[in-house]
Amino acid sequence: MTSSQSHSTKLSANVSADSNGACPHCHQPMKKIATSTDSFQSTLDKLFPNAYGLEEFVFETKQTLVPKGFYPHVNTLVCVGLCRDEITSPFEEEIEAMWGQAFICGSLGGMLFCGETGFAAAHHHAPSNGFFVYYCFTHIAIDHEGNVGAVYRTRSGMNEKTTACGALAAFTSEIASNKLNLTFNEDDIEMSMLKKHIVRKTNLSTDPAKAPTLFEVTMAAYETITIDLERHVKHDAEKFKDRQYALFTGVQIHGPNGSDHCWLGKASLLIKGEFSPLVLSANPSSQVQTGSTSKSH
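Reminder that position 162 of the sequence shown reads as 162 in this note's numbering, one-by-one numbering, no gaps.
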């Protein structure tokens, strides 16, 4: 994808506060960062070119899929894989508002640890004609100063800066401090599996001398999620050859003042056992493909 293209991404950033600066849910005043967001926008454009606002993205996916026979609230089951972090909830809410109740697939970092049983359960809930849409995204934050990983959780009343994704940040820190533990821990199943799975599936460096950044770890998580999703869906398609699947994977980005964006890394259709690229109607010339942990984006 190139950063030279411009669409309405920056105009639909899903700002949380109403016109009076109050939370639309509890109606209490929301703390805003009284500084320019130019640094945020610069970092967003550099790391995630052509990122969408959440509402815009979900709308454009619907606009792209309806002509292909995927009808919201009629014949399509939506499956959502996001991190457990509460700040990912606006994305899930946008998706369910468009498509109806979702089957939830995600774990820490957005990893798809529901496995064969979880995907079999989702596919068992298939509409009679078998149309599925998947939104599976990891996440990261960028604050008003352009700091990657930093976020103010204004919706929960926190005043301190926190981290997103916390699990991926902890993984990043373990590598950098030469304390990476890949032993399976029954008391920390998802975190121990997250680390082992990403290391096994990608070329992410675990060498402290070449420690990856949080951005690089996030892209490795995105790549792993994409690989897992395609494998599970392909397995179902081998059994049910008339089913059709639309897959979207990427990164949700939390910005200043409760804003949210998402970067689409890969979009594809699986029909009759064959994957084909899917280009959104509002961005016809962008190139979407699986990311690499060793290349810039």
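Every residue, glycine too, gets a C-beta built ideally from N, C-alpha and C.
Computed from a predicted model, the values in this text were never measured in an experiment.
- Residue state for Y222 is assigned as helix, using DSSP reduced to three classes.
- K161 is bridged by DSSP to Y152.
- Taking the Cα of A141 as reference, the smallest distance to any Cα among E94, H261, A102 is reached at H261.
- CA-to-CA, the gap between G273 and R243 works out to about 9 Å.
- If the five residues before and after T172 are omitted, its C-beta is found closer than 6 Å to the C-beta atoms of L214, V217, all from its own chain and listed in chain order.
- Inter-residue distance for L194 and G81 is about 14 Å (C-alpha atoms, whole angstroms).
- Only buried fits I87, as 16 or more other CB atoms lie within 10 angstroms of its CB.
- The secondary-structure analysis by DSSP pairs A141 across a beta bridge with H254.
- Here K179 carries a coil assignment [DSSP, helix/strand/coil].
- Under the three-pair Cβ rule at 8 Å, the region 38 to 46 does not count as touching the region 91 to 99.
- Taking the CA atoms as reference points, P90 sits about 37 Å from A209.
- Between L247 and Y52 a beta carbon distance of about 16 Å is seen, past the 8 Å cut, so the two are scored as non-contacting.
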